[in-house]
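A.B. asks:
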Amino acid sequence: MAWNKAILTTTGDKNLIDDLIPDVMFKSKEGLHFDEAISGKIDQNLTVGFHDNRIIINDVLGRFISKDQFPKDISLKNRECKVFWISEDCIYRQYQNGELAKEIRGREETKKELTRLGIRPIDEWGETMILQLLDYEVFGIKREQHGFILWDVPFDLYQFD
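What the sequence shown shows, in my numbering, is residues 146 to 306, in sequence order.
1. Just tell me which of E233, V283, V169 and D163 has its CA closest to the CA of W148.
2. Compute the distance between the beta-carbons of G157 and N190, then report whether it is under 8 Å.
3. Which ranges would you report for the beta strand (DSSP E) in the stretch 176 to 215 if only whole runs of at least 3 residues count?
4. What is the residue span of the alpha helix (DSSP H) that L259 lies within?
5. Would DSSP call D268 helix, strand or coil?
6. Go ahead and pull the three-state DSSP assignment for K222.
7. Can you find the residues in the same chain that come closer than 6 Å, C-beta to C-beta, to I231, ignoring five residues on each side of it along the sequence?
8. Assuming I152 and L279 form a contact by the criterion Cβ under 8 Å, report the distance between their Cβ atoms to the nearest whole angstrom.
9. Based on Cα-Cα distance, which residue from F284, T255 and I264 lies nearest to W270?
10. Just reading off the beta strand (DSSP E) that D301 is part of, what are its end residues?
11. Based on DSSP bridge pairs, tell me the residues matched to L245.
12. Can you confirm whether P266, when its beta carbon is compared against all beta carbons of chain D, has any partner nearer than 8 Å?
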């Protein structure tokens with residue numbers, strides 16, 4: 146796959162999205178497919194999806210990974226926030242009450258976590274394993290074949306003013 150994308154998730158009502166997105170951004174497009182929502186064409190903008198009381202924010206620049214103040218702030222407001230770095234060198238972070246509560250880094254740690262959860266890795270790629278972990282951690286699904294939930298979620302594009 147060769148991706149390098151950050152996905153932040155938190156629980157909440159769809160109305161919470163406007164509170165989470167920085168005031169300097171506005172919704173400019175609705176109903177993007179996941180492939181469009183994580184495209185390099187998104188540039189510095191964000192895409193936001195909503196599914197089963199889960200808010201899903203895509204950041205193709207990975208700002209949630211390199212600077213974690215945003216997920217910490219969300220976890221203060223919303224108690225929990227999860228960040229997934231979809232990459233060969235995958236990362237999973239869980240924030241609670243403004244602090245990093247759990248971190249899993251790399252393919253080996255992700256594979257161990259999937260095995261601990263009773264999930265057989267689909268393949269050896271970090272991108273696939275982190276998507277399996279995302280399906281479990283966010284949606285409670287033990288996925289052992291391709292076809293992740295994110296492909297069915299519509300996303301909205303938020304651009305800077």
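Glycine included, every Cβ here is placed at the ideal spot set by N, Cα and C.
C.D. replies: In short:
1. Working through the sequence shown from its first residue, we reach residue 148 at position 3. Nearest of E233, V283, V169 and D163 to W148, Cα basis: E233.
2. Counting from 1 along the sequence shown, the entry for residue 157 is found at position 12. Counting from 1 along the sequence shown, the entry for residue 190 is found at position 45. Contact flag unset, no.
3. 191 to 196 and 199 to 204
4. Position 114 of the sequence shown, counting from 1, holds the residue named residue 259. Residues G251 to R261.
5. Within the sequence shown, the letter at position 123 stands for residue 268. Reduced to three states, the DSSP call for D268 is coil.
6. One-based indexing of the sequence shown puts residue 222 at position 77. The answer is helix: DSSP assigns K222 an H, G or I state.
7. Taking the sequence shown and counting its residues from 1, one reaches residue 231 at position 86. Taken in chain order, the residues that qualify are W148, K150, E272 and I275.
8. Here residue 152 refers to the residue found at position 7 when the sequence shown is read from its first residue. Here residue 279 refers to the residue found at position 134 when the sequence shown is read from its first residue. With 8 Å as the limit, I152 and L279 qualify as a contact, their Cβ atoms being about 7 Å apart.
9. Taking the sequence shown and counting its residues from 1, one reaches residue 270 at position 125. Cα-wise, what sits closest to W270 is T255.
10. Position 156 of the sequence shown holds residue 301. First-last of the beta strand (DSSP E) with D301: F300 to F305.
11. Start at 1 with the first residue of the sequence shown, and residue 245 comes out as number 100. For L245, which the question treats as bridged, DSSP gives the partners Y240.
12. Absent from the structure: chain D. Only one protein chain is present.
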